[in-house]
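To start, the structure itself, in structure tokens.
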Amino acid sequence: MAAATTEPGVAVPRRFDLVRIIRFGWVSLVGLVCDYAIYALLHAGAGLPAGVANLFSATVGITVVYFLSLRQLFSHLPTPPRATLVRYLAYQAVAVPLASVAVGALESWLNAFLLAKTLVLPVSFASNYLFMHWLLHRADTAATPAAGRIADGPLGTAAAPVTQVGDR
């Protein structure tokens, strides 16, 4: 996608990027299939409590999503440094146990382990996407001078390069 040019200092509107959202859906679906399969095997098959099963299955699912996202969603950015993976894992070290506590609590309240996991997914999906976007664009910001960077939000890309304030 070629960026249009604009005069320095002119605000650049973001464009909603439906393709990126659809790709995120597909990437998430692959991770979700891995997550649900392992979750069902560990909970229903091996008898682990729902929260513990979710801890393991979600870890596999988010790892799959991370690596697929690098290729499918954020391939236009420079290759992220290793510190990006470390930050992502640190975030997930907090997010996955919190989601697992929620799944365990919902499962004991509803007595429906798949429904419990499903109810937690919308918040989990949204927070993972927003964190991944922030993390990878943070790496892009560090690697690319501001005058040549494309303004990019979680839902789309800008139509033109961002200019520095001093460029006016």
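So the sequence shown is numbered by the numbering used here: it starts at 1 and just counts up by one. Glycine included, each C-beta is placed from N, C-alpha and C at the ideal position. Remember, it's a predicted structure, so these values are computed and weren't measured experimentally.
Residue j and residue i - do their beta-carbons sit closer together than 7 Å?
{"i": "L106", "j": "A99", "result": "no"}
{"i": "V27", "j": "L68", "result": "yes"}
{"i": "F56", "j": "L42", "result": "yes"}
{"i": "F131", "j": "Y91", "result": "yes"}
{"i": "R82", "j": "L135", "result": "no"}
{"i": "V120", "j": "A93", "result": "no"}
{"i": "N54", "j": "Y39", "result": "yes"}
{"i": "A58", "j": "V30", "result": "no"}
{"i": "F169", "j": "A50", "result": "Any answer about residue 169 is impossible in this case: the structure gives the chain only from 1 up to 168."}
Please report the Cβ distance between residue i and residue j, rounded to the nearest whole angstrom; I am assuming they are in contact, meaning their Cβ atoms lie under 8 Å.
{"i": "V60", "j": "C34", "result": "5 Å"}
{"i": "L89", "j": "R20", "result": "L89 to R20, Cβ: 23 Å. No contact."}
{"i": "I62", "j": "N128", "result": "7 Å"}
Can you tell me where the alpha helix (DSSP H) holding residue i begins and where it ends?
{"i": "N111", "result": "Note, N111: premise wrong, no alpha helix (DSSP H); not H, not E."}
{"i": "G51", "result": "50 to 72"}
{"i": "L29", "result": "18 to 40"}
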